[in-house]
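For the sequence shown, the numbering used here assigns the number 33 to the initial residue and increments by one for each residue that follows.
Glycine included, every Cβ here is placed at the ideal spot set by N, Cα and C.
Every value quoted in this text rests on a predicted model; they were computed, and no experiment measured them.
This report concerns only the one structure given below.
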Amino acid sequence: MTIAVDGPSGSGKSSVSRAVARELGLGYLDTGAMYRALAWWCLDQGVDLSDEAAVAQAAADLPLTISTDPDAPHVRVGDVDVTDAIREDRITGQVSAVATNLDVRAELRRRQRLIIEEQRGTTGGVVAEGRDLTTVVAPDAELRVLLTASEEARLARRATERHGAADAVTLAATRDLVLRRDREDSTVSTFLEATDGVVTVDTSALTFEEVVAALLALARGEVRPDAAAGTPHTP
33 MTIAVDGPSG
43 SGKSSVSRAV
53 ARELGLGYLD
63 TGAMYRALAW
73 WCLDQGVDLS
83 DEAAVAQAAA
93 DLPLTISTDP
103 DAPHVRVGDV
113 DVTDAIREDR
123 ITGQVSAVAT
133 NLDVRAELRR
143 RQRLIIEEQR
153 GTTGGVVAEG
163 RDLTTVVAPD
173 AELRVLLTAS
183 EEARLARRAT
193 ERHGAADAVT
203 LAATRDLVLR
213 RDREDSTVST
223 FLEATDGVVT
233 VDTSALTFEE
243 VVAALLALAR
253 GEVRPDAAAG
263 TPHTP
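And the structure:
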């Protein structure tokens, strides 16, 4: 099966998706890492991110290798392991310039669909997460989920992840990176509200384990989506 997971920054989609993939024995695809890798590649190659044609060409030429093993996620560009480098603030602050390029999105979506189909044939399926998986990349996925959370919860998670704390100083340092990227990316993809057939799971007050359990229950058919409310409920 294919499980498509969308959501804004700090909603927990990456860690939850990896855990679900691991539990179900499926592949894992972090599509956001592909945009980050391209941003890193452009900066490394001296490509002007404001030159849309040049960035689109860089996307076509990008020598990207991305792991689909949920236990060993890594990203390589050519011979360089960029797994950690693409998470640096300098990439986070500029990745939207890449992600909002429509030609770039077309190319990376093409690659994402190929990876999804490959995983369906090798591991039996994949948990793919990002910002437009449920609507554009994998609209026919057997399970489509939008993970969301309050702004306060998302900022606290990302501040803790980046700075080890969620006090006033770290929240302020995180706010612009998180909210600005979501605002810019939302101009070219839908990931803030669920479309028809997409299950919404609000993670604001849930533990990590509870969110993973909710998605596993949906994947296993133990609960079914409530078409009216867009949230899972027990049959």
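Report all residues from its chain with a CB closer than 7 Å to the CB of residue i; omit the five preceding and five following residues, and keep chain order.
i: Ser43; result: Leu179, Thr180, Ala181, Arg186 and Thr235
i: Thr68; result: Note on residue identity: the sequence assigns Arg, not Thr, to residue 68. Cβ neighbours of Arg68 beyond the five flanking positions: Ile118, Ile123 and Val127.
So is residue i buried or exposed if we call it buried at 16+ other beta carbons inside 10 Å?
i: Glu139; result: buried
i: Ala200; result: exposed
i: Ala251; result: buried
i: Pro95; result: exposed
i: Gln151; result: buried
i: Arg189; result: buried
i: Asp164; result: buried
i: Ala131; result: buried
With which residues is residue i paired in a DSSP beta bridge?
i: Gly162; result: Asp38
i: Arg108; result: Thr97 and Asp113
i: Asp62; result: Glu161
i: Leu179; result: Val233
Express the C-alpha separation of residue j and residue i in angstroms, rounding to a whole number.
i: Thr81; j: Val255; result: Reading off the sequence, residue 81 comes out as Leu, not Thr. Computed Cα separation, rounded: 45 Å.
i: Asp103; j: Asn133; result: 31 Å
i: Ser41; j: Thr206; result: 11 Å
i: Thr202; j: Ala237; result: 21 Å
Suppose the cutoff is 6 Å on Cβ atoms and the five residues either side in sequence are ignored; what does the same chain contact list for residue i look like?
i: Arg50; result: Tyr60 and Pro102
i: Gln144; result: Thr63 and Val169
i: Thr166; result: Ala36, Asp38, Arg176 and Val230
i: Ile147; result: Leu61
i: Met33; result: Gly157 and Glu174
Apart from the five residues just before and just after residue i, which ones in its own chain have a Cβ nearer than 8 Å to its Cβ?
i: Glu55; result: Val244 and Leu248
Stretch-stretch touch, CB-based, cutoff 8 Å, three pairs: the region 107 to 115 with the region 127 to 135: no
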